[in-house]
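Below you'll find the structure, written out as structure tokens, and then a few comments.
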Amino acid sequence: MSSLVLCTEPVPGLQCPEPFRLRASAWIDGSNFGSLSEQYVPAGIRLRWNLPFLYGESGPRRFPTRFRVKRSRGLTQKLFIPVADVGQDPTIFAPSELWLTATRGREGDNYLIFDEDSCNAASAIYFELEKRSPGVLATFFDISGKNLATAHLKGGDRFYIELADVKQIQFSSPPALVKPGVLFLMVSNDYDVRLETIADIDARAWLGASLNEVSSRYAKADGTPCAAVDEAAWDELRRSAAQIRDALDAGYAVTEEALDYVAVSASLKWDLAAIMGWSFLDGESPGGPEFDQIQLAKLLTKPSNDVFAYQVEALFKEGSVEQSSLFFTRAALMAPLTNASSEIITSPIVTLKSVGIIDIGPTPENPIKRPSLPDSKAYCRSTYRFGRTGFADNLSPTPYASASAFTGDVYDPPEHYLGDGSADGAPLLIREKELLEDWAFDYPIPFVDSEVWIRVAAGDHWGRTIPPEDTARIKPKFDYRDACVPILSGTCDETARTVTLSLDATRGWAADRLTRYLQGTIEFLMRRPHVPQIQLSVEIGQVFVHEGSVWAARLRTWNHISTEHRLIGGQLECQGLVFTITGFRHTWGDVYCLFEVDTNCGSGVVFAVPTNAFVPAQVSEPIDSRYLWCEVDEAPLMADGKPASYSAEIDLVAVQEMYQFKLSFSTTLHFASRLKATWSGEVLRGPMADRVAVVFIADRPEKQNVNLNITQLGVDFYGRSIVRAKADAMRYFDAGLLVKTSIMAGEITDTKSFSKGYTVGQFSAQEPFRRGTVFNSFTVVTQAHDGEAFTLGVNAVRPEDDMDSGYVMRLFFGRHPGN
């Protein structure tokens, strides 16, 4: 069985402390730095590390006293250097003996788990698919079960990725892997490699030092300082850090907010961390301040193809020492940064959230401009996919918008935009050699006529940046959401073939100012009675993460390609859970249903599906689908936004002619209202208000005045006489109707008498054979004498509403069974 836990599948994660982790760049100098000139870029290999001991991840919270930076000589061990078609080029150059083979997980062939029951995790993954392998999706999860990335792979692909704390892989189907299978790199801090100290850095001296006193920690060999740090910000940071040091040394509690301020500041700017003594440059240096001991003779002086191992030791006041993980890097010149690619996933849509205080004016040519107040903002939402290649580690997208010609408002861009995408932990999508991040934007813009675009800057962990680039300017689609007054009730006049709808006049409703300006109308809709809502019973296989919060499940024997467009936005229901369908994907002959899983991580189970099996499910069309409703009338609005009339009369005859259907049977009609307006040549329609049901009673079917040849055929086993009534060639029974026959002894001429005394036969209403013949069996005829008169009542029945036409009576004479 496969129970996939939302966001934390396939196996619940472990609760593990964050390790003391070190990373190192390749060689960086003025030729590959990016945005700064060479005179402000000291050359060398840049190191940085985290500080889990500040947060007490593996013991009491402590503030280190010194950092000891160690490096090996050029490694002579055999190295494993992956070559990949998909993923990324390696920045870690580790000895071959540190690469291990993954084992199968507990959940079946499509799971691989590394060192399952411990907090050890992989830092890099490599595998190759055989050319005969089917295409698969590979999803990577960390120790806690968080989805880190998803890769689209095909047969013959060689895949490599570096991700922190990878614990398990889920494949969408069992892949065919080239031996030895999936390799993973797991580097501990006790690997046997000879290291020597190249720097001993005071981790606390900066707390009482001026910016000038620590500037030589990141400077050119001639002493030119290179850290771009504001002095006022520096003083505020070191005062906050000094308070943390004093509190931890005295054993007092420290708030998470205070720790985050210091730690995040160091993580965002590598040059700031360098002058704090929390990162280090192995290369060009003036020697550093007097409170550090830098082994200048041991520092690297030029790039090379040598591979070095690095490690950092943190020393504490009580005398203890913690070692970071080892990191293996090549001292070759690091590849330069490249600009991000971009594609639109969800086109920009602008929504107006209350425009009651904006007076746009009587005409577009002569607007009365008035500034927008905070409660009358236009908001633009969109989703972009940005791709980073080479050695870019992060992207910084910032949304922009043009000024509004209607209101005169201008856009004020945010200094730092944290969207709902990768900044919020959304997983990466890996496509060939691009690492793709989905960013969701939702931000205020001047007004609905503004153009929007995104400015994207690429950077890395080492302070390198390149000039940002803008995406194309786009005029957002206006998502018109003004709610309409609902229909309160409706009555049907079957004789006049009209329906009178009454709007709810008790709510004091009025359309918003924009709708009035656009001279909007109220649109009345009727549910198409002849178009059924699509509801299909299906079977789905195991589910897996497709992209981000969108999951996928394979459909078995899917023969409904022509209706897929009507199911988007509808529901997928399985095992009591309901999800919104976002699309369908056809891959290598298989069809997958894509659906949105909108939930907090680890809060529930999607589906329990046996391995390589299918379970029943249902897909259905959205109830407000445009294929299910038709526009039947419009009503104008007055200048104050209220309806000119609170009632509307719908001509059902005209509606049937317009949409080419016929209301030939009794049914329940459904009506709804919504607002309609035109903006820049585009017809806008708001959401549908509450539906109201109206009963329609159709005319009774026409009586079937058919000449019948009635014959008594014989007697069945139970003593019932079989009677056949056959129409002559002059007229048959009307198509689409069923025929019900009853009988009464004697010659009956009036319907009232027949209705009181007739006897029903063995068979209920039936479809006439070749539209001309019906059969029934009656016991009363079996008891007749030769020549005894009987009256056969023929009643047409409409199957859609079980409405009958009333009896047409036909006389015939019975025969004794013996004759």
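Note that this note's numbering gives residue 940 to position 657 of the sequence shown, counting from 1, and the numbers run on in steps of one.
Ideal Cβ positions, reconstructed from N, Cα and C, are used throughout, including at glycine.
What you are looking at is a predicted structure, and each value in this text was computed from that prediction instead of being measured.
_Candidates Pro458, Asp776, Lys758 and Gly339, of which the one nearest Ala981 by Cα_ = Looking up residue 981 in the sequence shown gives position 698. Measuring from the Cα of Ala981, the nearest candidate turns out to be Asp776.
*Per DSSP, the bridge partner or partners of Arg868*: Start at 1 with the first residue of the sequence shown, and residue 868 comes out as number 585. Arg868 is bridged to Tyr875.
*By Cβ distance below 7 Å, which residues in the same chain neighbour Ser949 in space, the five residues on each side in sequence not counted?*
Reading the sequence shown from its first residue, position 666 is the one you call residue 949. The residues are Phe979, Ile980, Ala981, Asp1084 and Met1086.
_Counting beta carbon pairs with one atom in the segment 373–388 and one in the segment 451–469, are three or more of them shorter than 8 Å?_
yes
*Per DSSP, which one or two residues make a beta bridge with Phe979?*
Here the question's residue 979 lines up with position 696 in the sequence shown. In the DSSP output, where bridge partners are listed per residue, Phe979 has Thr950.
*Going by the CB atoms, is the gap between Gly560 and Ile484 shorter than 8 Å?*
Locating residue 484 in the sequence shown gives position 201, where the first residue counts as 1. Locating residue 560 in the sequence shown gives position 277, where the first residue counts as 1. Going by C-beta atoms, Ile484 is nearer than 8 Å to Gly560.
*Can you tell which of Phe1096, Arg764 and Leu877 has the C-alpha that lies nearest to the C-alpha of Leu797?*
To locate residue 797, count along the sequence shown from 1; it is residue 514. Selected option, being the one with the closest Cα: Arg764.
*contact_flag[the segment 737–753, the segment 930–944] where n(CB pairs < 8 Å) is 3 or more*: no
_Rounded C-alpha distance that separates Ile632 from Asp505_ = In the sequence shown, the residue the question calls residue 632 occupies position 349. In the sequence shown, the residue the question calls residue 505 occupies position 222. Approximately 54 Å between the Cα atoms of the pair.
_If I follow the unbroken alpha helix (DSSP H) through Thr1062, where does it start and stop?_
Counting from 1 along the sequence shown, the entry for residue 1062 is found at position 779. Unbroken alpha helix (DSSP H) run through Thr1062: Thr1062 to Thr1065.
*By Cβ distance, which residues of its chain are closer than 8 Å to Gly924, with the 5 residues on each side in sequence left out?*
For this step, residue 924 is matched to residue 641 along the sequence shown. Excluding positions up to five away in sequence, the list reads Ala793, Ala794, Asp795, Arg796, Thr798 and Arg799.
_Residue environment, Lys1039, which counts as buried when at least 16 other CB atoms sit within 10 Å_ = Indexing the sequence shown from 1 puts residue 1039 at position 756. Exposed, because fewer than 16 other Cβ atoms sit within 10 Å of the Cβ of Lys1039.
*asked:* Give me, in chain order, the residues of the same chain whose beta-carbon lies closer than 6 Å to that of Ala976; leave out the 5 immediate sequence neighbours on both sides.
replied: For this step, residue 976 is matched to residue 693 along the sequence shown. Excluding positions up to five away in sequence, the list reads Thr951 and His953.
_So for Gly391, helix, strand or coil by DSSP?_
Mapped onto the sequence shown, residue 391 falls at position 108. Its pLDDT being 48, under 50, Gly391 is placed unreliably in this model, and the coordinates cannot settle the point.
*Do the segment 808–824 and the segment 898–917 touch if we need at least three Cβ pairs shorter than 8 Å?*
yes
_Quick check on Tyr1090: does DSSP put it in helix, strand or coil?_
The sequence position of residue 1090 within the sequence shown is 807, counting from 1. Tyr1090 falls in the strand class under three-state DSSP.
*Quick one: is Lys462 buried, meaning 16 or more other Cβ sit within 10 Å of its Cβ, or exposed?*
To locate residue 462, count along the sequence shown from 1; it is residue 179. Answer is exposed; the Cβ neighbour count stays below 16.
*asked:* Three Cβ pairs or more, each shorter than 8 Å: is that satisfied between the segment 436–450 and the segment 350–369?
replied: yes
*Assuming Gln594 and Gln606 make a contact with CB atoms under 8 Å, what is their CB distance in whole Å?*
Here residue 594 is taken as the residue at index 311 of the sequence shown, counted from 1. Here residue 606 is taken as the residue at index 323 of the sequence shown, counted from 1. Right, their Cβ atoms sit about 6 Å apart.
*State yes or no: is the C-beta of Pro727 nearer than 7 Å to some heavy atom of the ligand MN?*
Among the components modelled here there is no ligand, and therefore nothing to report on the ligand MN.
*Note down, in chain order, each residue of its chain lying with its Cβ closer than 6 Å to the Cβ of Ala706, except the 5 sequence neighbours on either side.*
For the purposes of this step, residue 706 is taken as residue 423 along the sequence shown, with counting starting at 1. Confidence is the limiting factor: at Ala706 the pLDDT is only 44, short of 50, which leaves the residue's position unreliable and the question unanswerable from this model.
*N- and C-terminal bounds of the alpha helix (DSSP H) containing Lys1039*: As a first step, residue 1039 is located in the sequence shown; it is residue number 756 there, counting from the start. Here the alpha helix (DSSP H) through Lys1039 covers Thr1034 to Gly1040.
*Along the alpha helix (DSSP H) that carries Glu411, what are the first and last residues, could you check?*
Here residue 411 corresponds to residue number 128 of the sequence shown, with the count starting at 1. First-last for Glu411: Ala407 to Glu411, but that is the beta strand (DSSP E), not the alpha helix (DSSP H).
*In the DSSP assignment, find the alpha helix (DSSP H) that holds Ser550 and state where it starts and stops.*
Translated into positions along the sequence shown, residue 550 becomes position 267. Counting along the chain, the alpha helix (DSSP H) containing Ser550 begins and ends at Glu539 to Leu551.
*For Gly644, which of helix, strand or coil comes out of DSSP?*
Translated into positions along the sequence shown, residue 644 becomes position 361. Unreliable positioning characterises Gly644 in this predicted model, as indicated by a pLDDT of 49, which lies under 50. The coordinate reading is nonetheless provided below. Looking at Gly644 - three-state DSSP - the assignment turns out to be coil, as it is neither helix nor strand.
*By DSSP, does Gly1070 sit in helix, in strand, or in coil?*
For the purposes of this step, residue 1070 is taken as residue 787 along the sequence shown, with counting starting at 1. Coil.
*Buried or exposed (CB count within 10 angstroms, at least 16 for buried), Asn842*: Residue numbering aside, residue 842 sits at position 559 when the sequence shown is read from its first letter. When all chains shown are included, Asn842 counts as exposed.
*asked:* Taking the straight line between their C-alpha atoms, what separation do you get for Leu262 and Glu539?
replied: Shown here, the chain extends from 284 to 1102; a query on residue 262 therefore has no answer.
_Measuring alpha carbon to alpha carbon, tell me which residue in Thr1042, Thr1034, Arg1081 and Phe1061 is nearest Ala1048._
Within the sequence shown, the letter at position 765 stands for residue 1048. When only C-alpha atoms are compared, the closest one is Arg1081.
*Output the distance between the C-alpha atoms of Gly866 and Asp372, rounded to the nearest integer angstrom.*
The residue labelled residue 866 in the question sits at position 583 within the sequence shown. The residue labelled residue 372 in the question sits at position 89 within the sequence shown. Each residue's alpha carbon lies about 33 Å from the other.
*Are the beta-carbon atoms belonging to Cys767 and Ser956 less than 8 Å from one another?*
For the purposes of this step, residue 767 is taken as residue 484 along the sequence shown, with counting starting at 1. For the purposes of this step, residue 956 is taken as residue 673 along the sequence shown, with counting starting at 1. Going by C-beta atoms, Cys767 is nearer than 8 Å to Ser956.
*Could you tell me which of His829, Ile864, Gln818 and Gly969 sits nearest to Gln901, measuring between CA atoms?*
Position 618 of the sequence shown, counting from 1, holds the residue named residue 901. When only C-alpha atoms are compared, the closest one is Gln818.
_For a quick check, are the C-beta atoms of Leu1021 and Ala1008 less than 8 Å apart?_
Here the question's residue 1021 lines up with position 738 in the sequence shown. Here the question's residue 1008 lines up with position 725 in the sequence shown. Result no, Cβ atoms of Leu1021 and Ala1008 do not sit closer than 8 Å.
*Buried/exposed call for Leu996, threshold 16 Cβ in 10 Å*: Taking the first residue of the sequence shown as position 1, residue 996 is located at position 713. Classification for Leu996: exposed.
*C-beta contact flag for Arg306 and Phe610 at 8 Å*: In the sequence shown, residue 306 corresponds to position 23, counting from 1. In the sequence shown, residue 610 corresponds to position 327, counting from 1. Going by C-beta atoms, Arg306 is nearer than 8 Å to Phe610.
_Taking the alpha-carbon of Leu784 as reference, which of Tyr683, Gly791, Phe350 and Glu806 has the nearest alpha-carbon?_
Position 501 of the sequence shown, counted from the start, is the residue given in the question as residue 784. The shortest C-alpha separation from Leu784 is found at Glu806.
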